[in-house]
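Q:
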Amino acid sequence: MLHYIGKRLLHLIPVLLGMSFIVFFIIRAIPGDPAQVILGQQATAESIAALRNKLGLDNPWYVQYFEYLKGIFTGNLGESLRTRQPIFTEVWPYLAATFELAFFAIFLAVILGVNAGIISAWFQNSWFDYLAMVIALIGVSMPIFWLGLMEQWVFGINLGWLPTSGREEVRDPVSAITNLYLIDTLLQGRFDQFVVVFKHLLLPGLALATIPTAIIARMTRASMLEVMRADYVRTARAKGQKMFVVIYKHALKNALIPVLTVIGLQTGMLLGGAILTETIFSWPGIGRYIYEAIGFRDYPVIQSGILIVAFLFVMINLIVDILYTVIDSRIKYN
Amino acid sequence: MKKGKKYLLGFVMLLTMTLFLAACNSDDEDSSTGSNTDSGTTNTDSGTTDDSSSSTPQVLVFGRGADSVSLDPGIVTDGESFKVTQNLFETLLNFGEKDTTINPGLAKEWKVSDDGLTYTFQLQEGVKFHDGTDFNADSVIKNVNRWKGGTEDDFYYFNSMFKAEGEDIIKEVTADGDYTVVFTLSRPQAPFLKNLAMSPFGIASPTEFEKTGDKFGDNPVGTGPFKFTEWKRNDSITIEKFADYWQDGLPKLDKVIFRSIPDNSARLNELMAGNIDLADGVNPSDGKMVEGNSELQLIERPSMNIGYLGLTNTRAPFDNKLVRQAVNYAIDKQAIVDAFFEGRAEVAVNPMPSSISGYNDALSPYPYDPAKAKSLLAEAGYDGKEIELWAMPVPRPYMPDGAKVAEVIQKNLEDVGMKSKIVTFEWATYLEKAKNGEADAFMLGWTGDNGDADNFIYTLLDKDNIGSNNYAFYSNDEVHDLLIKAQSETDENVRNDLYKKAQEIIHDDAPWVPLAHSTPLLAAKAGVKGFVPHPTGSDKLDKVSME
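Chains F and W supply the protein sequences, listed in that same order.
For the first sequence, the working numbering begins at 61 and goes up steadily by one.
For the second sequence, the working numbering begins at 5 and goes up steadily by one.
(1) Taking a cut of 8 Å between CB atoms, which residues from the region 356-381 of chain F lie near chain W?
(2) Using a Cβ-Cβ cut-off of 8 Å, state whether W:M202 counts as contacting chain F.
(3) Between which two residues does the alpha helix (DSSP H) holding F:S81 run?
(4) Under 8 Å, Cβ to Cβ, is there at least one residue of chain W near F:E150?
(5) For W:H521, which beta-bridge partners are listed by DSSP?
(6) Which same chain residues, not among the five before or five after W:K167, have their C-beta less than 7 Å away from its C-beta?
(7) Which one or two residues does DSSP pair with W:P224 in a beta bridge?
(8) Which residue spans inside the region 256-291 of chain W form an unbroken alpha helix (DSSP H) run of at least 4?
(9) Taking only beta-carbon positions, decide if F:P91 is within less than 8 Å of chain W.
(10) Which residue wins for smallest C-alpha separation from F:I379, given the options F:L325, F:W121 and F:Q363?
(11) Can you tell me whether F:T134 is buried or exposed, with buried defined as 16 or more other CB within 10 angstroms of its CB?
(12) So the beta strand (DSSP E) F:S201 belongs to, where does it begin and stop?
(13) Can you pull the DSSP bridge partners for W:T178?
(14) Mark F:Q253 as exposed unless 16 or more other C-beta atoms lie within 10 angstroms of its C-beta, in which case mark it buried.
(15) What are the partner residues of W:K415, as DSSP defines its beta bridges?
(16) Can you tell me whether W:D323 is buried or exposed, with buried defined as 16 or more other CB within 10 angstroms of its CB?
(17) Could you tell me the alpha carbon to alpha carbon distance between W:N500 and F:G365, rounded to whole angstroms?
(18) Which of the residues in the region 69-97 of chain F, read from start to end, lie with their CB under 8 Å from any CB of chain W?
(19) When the cut-off is 8 Å and only beta carbons count, does W:R237 lie next to chain F?
(20) Buried or exposed for W:T46, going by 16 or more other Cβ atoms inside 10 Å?
(21) Taking Cβ-Cβ distances shorter than 9 Å, what residues in chain W pair up with F:G226?
(22) So which residues on chain B does W:A432 lean against when the C-beta distance must stay under 7 Å?
(23) Can you find a C-beta in chain W that's less than 8 Å from the C-beta of F:Q212?
(24) Which residues in the same chain have their Cβ closer than 8 Å to the Cβ of W:P355, if we skip the five residues on either side of it in sequence?
(25) Candidates W:Y503, W:V409 and W:P288: which alpha carbon is nearest W:A366's?
(26) Pull up the distance between the alpha-carbon of W:G449 and that of W:I470, whole angstroms please.
(27) Taking beta-carbon pairs under 8 Å, can you tell me which members of the region 174-188 of chain F lie near chain W?
(28) Would you mind giving the Cβ-Cβ distance between W:L257 and W:V548, rounded to the nearest angstrom? I have them listed as a contact below 8 Å.
(29) Which runs of the alpha helix (DSSP H) spanning at least 4 residues fall entirely within the region 322-358 of chain F, listed in chain order?
(30) DSSP three-state label for W:Y462, please.
(31) Within the same chain, show all residues whose beta-carbon is closer than 6 Å to that of F:I382, passing over the 5 residues directly before and after it, in chain order.
(32) Would you mind sorting W:N440 into buried or exposed? The rule is 16 or more other CB atoms within 10 Å of its CB.
(33) Please report how far the alpha carbon of W:R191 lies from the alpha carbon of W:V177, in whole angstroms.
(34) If you measure between the beta carbons of W:N558 and W:Y363, is that distance less than 8 Å?
(35) What are the start and end residues of the alpha helix (DSSP H) that includes F:M288?
(36) Is it true that the CB of W:V65 sits closer than 8 Å to the CB of F:V230?
The structure is reproduced here in structure tokens:
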């Protein structure tokens, strides 16, 4: 097992290298000069040239690329061209905000999706099954942008139940410790703030969870239907075991393996794909951090940001692969 | 099966309860966190348990489109940064409350020598920086020397305003006693005082910038009505009342929180939900809805911008003056203003708005006259070649919806026999390509920095600025001579005449189709009092209060 993990981690090196190479060139292929963007419409040619020189943008590409690689290997992700802050220290609050949102969303998606899938499978062809699958179909095809604005309009403005943007009540801000606000508020014993933070999570979390919920529900349903036809489930049911036990002890464990793959993939997608949700809900996360950096041609931030997301994506998939062996002891990695 | 149904029921109930709980909670929430906690914090924070107004917490949440880049006013160039620094720092001179006339600031009075080379400023006494440092002549000198000593990319605005052809316009700054500063210039500069009043020249605490160096932007210390408290990047910036502020009774607010909410509609949603008190950048199409809501007020920012259709003067067919004039006749500007600016704009005639000194009001706009346009095109021998029409990809105050305006222009041009293809690029790309002269006709605009004619006409249309802001590649030596002369002319009347003459020539040369001077909109809760939007876009919040 350790051997396997080691091997996977080694594989990570060429993946990330390739990734860094591609990102490096793609962002330089788009026109638009960072010096120009930083200095704005007013800038003169001389000041742009001076800034390019200062930022090292007038070096040949290979010099820039190797400087960048050297930085990564020494744990230095570079400095934002725009804010002139080291990315390493700047990135964590953004990353934490996205983590909180993404994990909340995937949590919602798993709870809602898996249960909806189970019920649909159990009561196959019932009204619930049809309803759930129609909703799931709508869920996969729903544009997040539209859904987000609708949620704000219904729950935020018309009903006034939930806040529509940001992570906290700005008039009573959370003092950050880990930057994961749910945890920070609990650590400080501010239960009132915990509730506020939780409520801020609900709408963006729901918007972000929609697609994964739909996919997980459909996957679980399909997988459960298959498993429920298996002999051991029939045996268990014939023995008169309680439905709850049949589902959760016997069927689900096996049905969950393909579902787990989907969950892993979706979690990765959420980390990278939260940009739209983060924009609509003004969520200060990594998606918006990278998105804004693109507008400003902030090369180091784009490069390092994407690399971090890619790294997490690969790591999550590794964790999923390891979880397989925990769930199903027949799966072994050698 | 019975158990199954129970399970289903339980699941549905759980869902309903979550939503219900969220809803109930939010009601309590609004009353407790919304105001009580606030007033609690405010009162303890400021220590000023103000008489009558104590019932409404004096906290303003200002929603805007983007975060600041840095809070060191000297190094930044973006409006969002100035919106905050304007309240942390003060300049030697101030603009008027609603215009760009010159008023006292940290300097209470000033004298200009006859040759326009020496400016003597008498400073306010008893002013302190937020860190306790005294404000005096020495601190002004240290600030100017800091800007002078920095490179062009460090102190962009200083270099662009106070340097010409590599030479420092401010030759030296000396003290004459503790509270008198003398600026000696190397050549007369007409907009010198207006330049000094710009946000980038906010006076910073020398103690702090000497200590923190290039980290000063994270620790801004000025003499302004508010001092810096906290910055959560891409989220919010909090500033609070400076108790030792030198102007009695100001500021009225205890705290201002600037929140960045990128999407215009989402920001307005936040205002309607009561989570922010003031929203910048309201879409013209939402104006009526705000006006119809008794809990909100619509605020109009005085216009100091121009939205235009640039015609690249070096590219066919726009290298022909007759074609450019024809396009000016062909476009129905009034219809564009009515449809896309909701009438909240003025049809443009000149490259600058009429509020700016030197505006030529003797000129009238090219009327909408397709027949005239057709005959001019025929006279010019236009070959019917299709042009590229560049549409702005982002809304700007001077152009709320580039794509739609482009469609109208396309139709107008088609009516007179000029075919066009609408193209667009991502914003940074758009600017770069247009600057390189790759566009035939492109939409763009400009918001003035200091309310001076030079900042519009010279910046946007002088041959010196080709490759910079003169995206149209317009070059006319006569205009150039007039503009250069105006830069060092200190007699306001003579100067205005020079600009009027330049506008006449430009009007005839028609390097652009000037479209509109728009009125940017803001919206606020009805209880926000005393907010006066400034044409430069950087608002002073010292007189704002909450009722």
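Note that the Cβ used here is the ideal one computed from N, Cα and C, for glycine as well.
A: The structure says:
(1) Listed by position along the chain: F356 and R357.
(2) Translated into the one-based positions of the second sequence, residue 202 of chain W becomes position 198. Not a single CB atom of chain F sits nearer than 8 Å to the CB of W:M202.
(3) Within the first sequence, residue 81 of chain F is the residue found at index 21, counting from 1. What sits at residue 81 of chain F in the sequence shown is Phe, not Ser. Its alpha helix (DSSP H) spans residues L62 to A89.
(4) Start at 1 with the first residue of the first sequence, and residue 150 of chain F comes out as number 90. Between F:E150 and chain W, the shortest Cβ-Cβ separation is below 8 Å.
(5) Position 517 of the second sequence, counted from the first residue, corresponds to residue 521 of chain W. Residue pairing by DSSP places W:H521 opposite W:E350 in a beta bridge.
(6) Reading the second sequence from its first residue, position 163 is the one you call residue 167 of chain W. For W:K167, where only same-chain residues beyond five positions count, the Cβ hits under 7 Å are I173.
(7) Along the second sequence, read from residue 1 onward, the residue named residue 224 of chain W stands at position 220. Its beta-bridge partners do not exist; DSSP assigns none.
(8) Fully enclosed alpha helix (DSSP H) runs of 4 or longer: 268-276.
(9) Here residue 91 of chain F corresponds to residue number 31 of the first sequence, with the count starting at 1. At a cut-off of 8 Å between beta carbons, F:P91 contacts chain W.
(10) The count along the first sequence starts at 1 and reaches residue 379 of chain F at position 319. Ranking the options by Cα distance to F:I379, first place goes to F:L325.
(11) One-based indexing of the first sequence puts residue 134 of chain F at position 74. Counting the other Cβ atoms within 10 Å of the Cβ of F:T134 gives fewer than 16, which makes it exposed.
(12) Stepping through the first sequence from its first residue, residue 201 of chain F is reached at position 141. Unbroken run through F:S201 is the alpha helix (DSSP H), W187 to S201; no beta strand (DSSP E).
(13) The residue given as residue 178 of chain W occupies position 174 in the second sequence. In the DSSP assignment, W:T178 is bridged to W:V186.
(14) For the purposes of this step, residue 253 of chain F is taken as the residue at position 193 of the first sequence. Counting Cβ neighbours within 10 Å, F:Q253 comes out buried, since at least 16 surround it.
(15) One-based indexing of the second sequence puts residue 415 of chain W at position 411. Answer is none; W:K415 lacks a bridge partner.
(16) As a first step, residue 323 of chain W is located in the second sequence; it is residue number 319 there, counting from the start. By the 10 Å Cβ count, W:D323 comes out exposed.
(17) For the purposes of this step, residue 500 of chain W is identified with residue 496 of the second sequence, where counting begins at 1. For the purposes of this step, residue 365 of chain F is identified with residue 305 of the first sequence, where counting begins at 1. Each residue's Cα considered, the two are about 52 Å apart.
(18) Answer set for the region 69-97 of chain F: I90, P91, G92, D93, A95, Q96 and V97.
(19) Here residue 237 of chain W refers to the residue found at position 233 of the second sequence. The beta carbon of W:R237 falls within 8 Å of a beta carbon belonging to chain F, placing the residue at that interface.
(20) In the second sequence, residue 46 of chain W corresponds to position 42, counting from 1. Below a pLDDT of 50, predicted positions are generally treated as unreliable, and W:T46, at 37, falls in that range; no measurement from the model is reported.
(21) Locating residue 226 of chain F in the first sequence gives position 166, where the first residue counts as 1. Residues of chain W whose Cβ lies closer than 9 Å to the Cβ of F:G226 are, in chain order, D239, S240, R263, I265, E274 and N279.
(22) In the structure shown, chain B does not exist; the protein chains are F and W.
(23) Within the first sequence, the letter at position 152 stands for residue 212 of chain F. Output row for F:Q212: interface = yes.
(24) On the second sequence, residue 355 of chain W is found 351 positions in, with the first residue counted as 1. Excluding its 5 nearest sequence neighbours in each direction, W:P355 has C-beta neighbours in its own chain below 8 Å: I310, Y312, F460, I461, L464, L465, Q507, I510, W516 and P518, listed in chain order.
(25) The residue labelled residue 366 of chain W in the question sits at position 362 within the second sequence. The shortest Cα separation from W:A366 among W:Y503, W:V409 and W:P288 belongs to W:Y503.
(26) Within the second sequence, residue 449 of chain W is the residue found at index 445, counting from 1. Within the second sequence, residue 470 of chain W is the residue found at index 466, counting from 1. Straight-line Cα distance between these residues: approximately 16 Å.
(27) If the cut-off is 8 Å between Cβ atoms, the region 174-188 of chain F has N175, I179, W182, F183 and F188 near chain W.
(28) Numbered from its first residue, the second sequence carries residue 257 of chain W at position 253. Numbered from its first residue, the second sequence carries residue 548 of chain W at position 544. In this structure W:L257 is in contact with W:V548, their Cβ atoms being roughly 6 Å apart against a cut-off of 8 Å.
(29) Listed in chain order, the complete alpha helix (DSSP H) runs (minimum 4 residues) inside the region 322-358 of chain F are 335-340 and 346-355.
(30) In the second sequence, counting from the first residue as 1, residue 462 of chain W sits at position 458. W:Y462 falls in the helix class under three-state DSSP.
(31) Within the first sequence, numbered from 1, the residue matching residue 382 of chain F stands at position 322. Leaving aside the five residues that flank F:I382 on each side, none in its chain has a CB nearer than 6 Å to its CB.
(32) As a working mapping, residue 440 of chain W is identified with position 436 in the second sequence. Under a 10 Å Cβ-count criterion, W:N440 is classified as exposed, with fewer than 16 other Cβ atoms of the shown protein chains found around its own Cβ.
(33) Looking up residue 191 of chain W in the second sequence gives position 187. Looking up residue 177 of chain W in the second sequence gives position 173. Straight through space, the alpha carbons of W:V177 and W:R191 are spaced by roughly 14 Å.
(34) With chain W covering 5 to 551 only, the question about residue 558 of chain W has no answer from this structure.
(35) Sequence index remark: in the first sequence, residue 288 of chain F carries index 228 (1-based). Residues F251 to M288.
(36) Against the first sequence, residue 230 of chain F aligns to sequence position 170. Against the second sequence, residue 65 of chain W aligns to sequence position 61. Taking 8 Å as the Cβ cut-off, F:V230 and W:V65 qualify as a contacting pair.
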